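Heads up, our numbering is the position in the sequence shown plus 14, with the first residue counted as 1.
Cβ coordinates follow ideal geometry from the N, Cα and C atoms, glycine included.
This structure is a prediction, so every number in the text was calculated from the model and none was measured.
The structure appears right after this line, and notes come after that.
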Amino acid sequence: MRQKHFEVVIVGAGISGTALFYELAAFTDIKRVALLEKYEGVATLNSNGRCNSQTIHCGDIETNYTLEKAKRVNKVAKMPIKYGLKYGYEGKFMFSHQKMVLAVGDEEVQKLTARYGEFKEVFPYLELYSKEDLKQIEPNVVFDINANPRSENIVAMGTKEGQYTTVDFGAMSDSLVKNAQKIGGDGYELSLNCNVLDIKKVGDTFYLKTSDSQSIGADYVVVDAGAHSLYLAHKMGYGMHLSTLPVAGSFYFAKKNFLKGKVYMMQNDKLPFAALHGDPDILANGNTRFGPTALVMPKLERYHGNSSFFEFLSALKFDRNVLEVFVNLMKDEDIRSYVLRNFLFEIPFINKKEFVKDARKIVPSLREDDLFYAKNFGGVRPQVVDRLNKKLDLGEGRISTNNGISFNMTPSPGATSCFETARVDLEQICKFLNKNFDKEKFKEEFLD
Numbered sequence: 015m016r017q018k019h020f021e022v023v024i025v026g027a028g029i030s031g032t033a034l035f036y037e038l039a040a041f042t043d044i045k046r047v048a049l050l051e052k053y054e055g056v057a058t059l060n061s062n063g064r065c066n067s068q069t070i071h072c073g074d075i076e077t078n079y080t081l082e083k084a085k086r087v088n089k090v091a092k093m094p095i096k097y098g099l100k101y102g103y104e105g106k107f108m109f110s111h112q113k114m115v116l117a118v119g120d121e122e123v124q125k126l127t128a129r130y131g132e133f134k135e136v137f138p139y140l141e142l143y144s145k146e147d148l149k150q151i152e153p154n155v156v157f158d159i160n161a162n163p164r165s166e167n168i169v170a171m172g173t174k175e176g177q178y179t180t181v182d183f184g185a186m187s188d189s190l191v192k193n194a195q196k197i198g199g200d201g202y203e204l205s206l207n208c209n210v211l212d213i214k215k216v217g218d219t220f221y222l223k224t225s226d227s228q229s230i231g232a233d234y235v236v237v238d239a240g241a242h243s244l245y246l247a248h249k250m251g252y253g254m255h256l257s258t259l260p261v262a263g264s265f266y267f268a269k270k271n272f273l274k275g276k277v278y279m280m281q282n283d284k285l286p287f288a289a290l291h292g293d294p295d296i297l298a299n300g301n302t303r304f305g306p307t308a309l310v311m312p313k314l315e316r317y318h319g320n321s322s323f324f325e326f327l328s329a330l331k332f333d334r335n336v337l338e339v340f341v342n343l344m345k346d347e348d349i350r351s352y353v354l355r356n357f358l359f360e361i362p363f364i365n366k367k368e369f370v371k372d373a374r375k376i377v378p379s380l381r382e383d384d385l386f387y388a389k390n391f392g393g394v395r396p397q398v399v400d401r402l403n404k405k406l407d408l409g410e411g412r413i414s415t416n417n418g419i420s421f422n423m424t425p426s427p428g429a430t431s432c433f434e435t436a437r438v439d440l441e442q443i444c445k446f447l448n449k450n451f452d453k454e455k456f457k458e459e460f461l462d
């Protein structure tokens, strides 16, 4: 069998892997790159539009962000938008919708009103909407099942137009591969149905064992394999102090269109998971979708049976420290209640009855009969557990070895950060391989 050698091999063709594939072609002098994907197509798992919130998170309505974090995220969030505009993808898989975060009750209203005064300087397009304003802008967040205004005090912060809010990251991933191959030519190869089983380094070369029996060598490897990234890192002896806790997020569809745009709830600071939201799903004719839920599950990926169960056990590395993290989390009343309620959201016959109680905070007129479980929608977020310090490692999960291989586990904030995650890898790759990174061209395309 002929050995195929590449300067860089990327494992995983989700949004992070494809963004790196594109950036290597567009901004470096690296000529031989392979993108290896386990399944039959690009972005079939978490980056698929059915498996995430389809949201560009820029920090304006994410109430768990500090002002400083929002400033950083806002810069990163402009990158996928600039890419979409460069290639004319607006209206194809990138859209501008209205969006807002909704405060319900006096305490939340007070917090959001104060936040508006602070965040308006960074996001000048933000507006504060009273209950009267919302009757026109997003009426179904105001009126109850009897068409009366809800009794609680409410206010919302957001924007009605002029901001790109929504992306099908699966379609974006596909475009990144095609554009990379146009720029990079024959040296940029995509291999589908190519599951990487093992990675070993001999001398200065990495050798990758694959399910399709290819013989692949590389000078540098980037693993962008989602929940499998830490599993592969462990096999090489990296990140042994970390564990992966797969948290699945599911959605519910409404049988009619309740919302004109994205409506997020205020975030509970104690919870390491996204707040419930509702929005028109761009892959389901604009039907309103509510979610995500959050349920820990014993496998690294969904929709492929229990094929990843033993890989989950390996990546979890369950011991007394991991148990202590779980016990401490469950001691908190808010977290305990959240975990138990989200468990109920997945149980047939009672799931809708329980879920609608939470979703009514967004749409008070919502009835149980209005909802149905969104089958085959939702992904898995690999929540990283720091076993050494006995805590959840929130935010971006990443292992940089400085030895020719890196592992990206959990992008933050989600797919929005794909181009920035790729840039970090790009700089490390070029430094390690002594290659050129055209920073001015990158800045012109993504930052100016």
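Inclusion of Ala-241 and Leu-314 in the CB contact set at 7 Å is warranted, their separation being smaller than that value. For Arg-412, DSSP records a beta bridge to Asn-422. Of the residues Gln-442, Met-423, Arg-437, Glu-410, the one whose Cα lies closest to the Cα of Gly-26 is Met-423. Per DSSP, the unbroken beta strand (DSSP E) holding Val-115 starts and ends at 113 to 118. Fully contained in the segment 40 to 116 are the following alpha helix (DSSP H) runs of length 4 or more, in chain order: 81 to 100. No Cβ-Cβ contact shorter than 7 Å links Thr-430 with Ile-29. With at least 16 other beta carbons inside 10 angstroms of its own, Leu-273 counts as buried. Setting aside the 5 residues that flank it on each side, Phe-386 is surrounded in the same chain by Phe-267, each with a C-beta closer than 6 Å to its C-beta; the list follows chain order. Inter-residue distance for Asp-384 and Asn-271 is about 10 Å (C-alpha atoms, whole angstroms).
One alpha carbon belongs to Lys-375, the other to Ala-128, and they sit about 21 Å apart. By the neighbour-count criterion, in which a residue is buried when 16 or more other Cβ atoms sit within 10 angstroms of its Cβ, Ala-161 is exposed.
Check the Cα spacing between Phe-133 and each of Phe-340, Tyr-252, Gly-73: the tightest is with Gly-73. Under the three-state reduction of DSSP output, Thr-435 falls in the helix class. Within a 10 Å sphere around the beta-carbon of Asp-226 sit fewer than 16 other beta-carbons, which makes this residue exposed.
Around the C-beta of Lys-345, fewer than 16 other C-beta atoms lie within 10 Å, and the residue is accordingly described as exposed. A Cβ-Cβ distance of about 6 Å is found for the pair Leu-285 and Tyr-352, placing them in contact under the 8 Å criterion. Asn-207 and Lys-223 have their alpha carbons spaced roughly 13 Å apart. By the C-beta criterion, the segment 185 to 192 is judged to be in contact with the segment 90 to 106, since at least 3 inter-stretch pairs fall below 8 Å.
Note on the segment 345 to 411: whole beta strand (DSSP E) runs with a minimum of 3 residues are 385 to 387, 394 to 400, 405 to 407, in chain order. Three or more beta-carbon pairs drawn from the segment 297 to 311 and the segment 355 to 369 are found closer than 8 Å, and the two stretches are therefore classed as touching.
In this structure Met-279 is in contact with His-291, their Cβ atoms being roughly 6 Å apart against a cut-off of 8 Å. The shortest CA-to-CA distance from Ser-420 to any of Leu-408, Ile-361, Tyr-252, Asp-400 is the one to Tyr-252. The residues Arg-164, Pro-378, Ser-379, in chain order, have a CB closer than 7 Å to that of Asp-158 in the same chain once the five nearest residues on each side in sequence are set aside. Phe-433 is not a Cβ neighbour of Cys-444, given a cutoff of 7 Å. Ala-194 and Tyr-36 do touch by the CB rule: their CB atoms are close to 4 Å apart, below 8 Å. A contact is defined here as three or more CB-CB pairs under 8 Å, and the segment 48 to 65 meets this definition with respect to the segment 388 to 400. Asn-342 and Ala-262 have their C-alpha atoms some 21 Å from each other. By the Cβ test, the segment 203 to 217 is not in contact with the segment 143 to 157, since fewer than three Cβ pairs between them sit closer than 8 Å. In the DSSP assignment, Met-186 falls within the alpha helix (DSSP H) that extends over 183 to 198.
By the CB criterion at 7 Å, Val-23 and Ile-44 fall outside the cutoff. In the structure shown, the three-state DSSP call for Lys-125 is helix. Excluding the 5 residues flanking it on each side, Asn-66 has same chain C-beta neighbours closer than 7 Å at Asn-60, Phe-183, Gly-393, Gly-428, Ala-429, in chain order.
Glu-203 carries a strand assignment under DSSP once its states are collapsed to helix, strand and coil. Less than 7 Å divides the Cβ of Val-191 from the Cβ of Thr-32. Counting every other CB atom within 10 Å of its CB across the protein chains shown gives Tyr-139 a total below 16, marking it as exposed.
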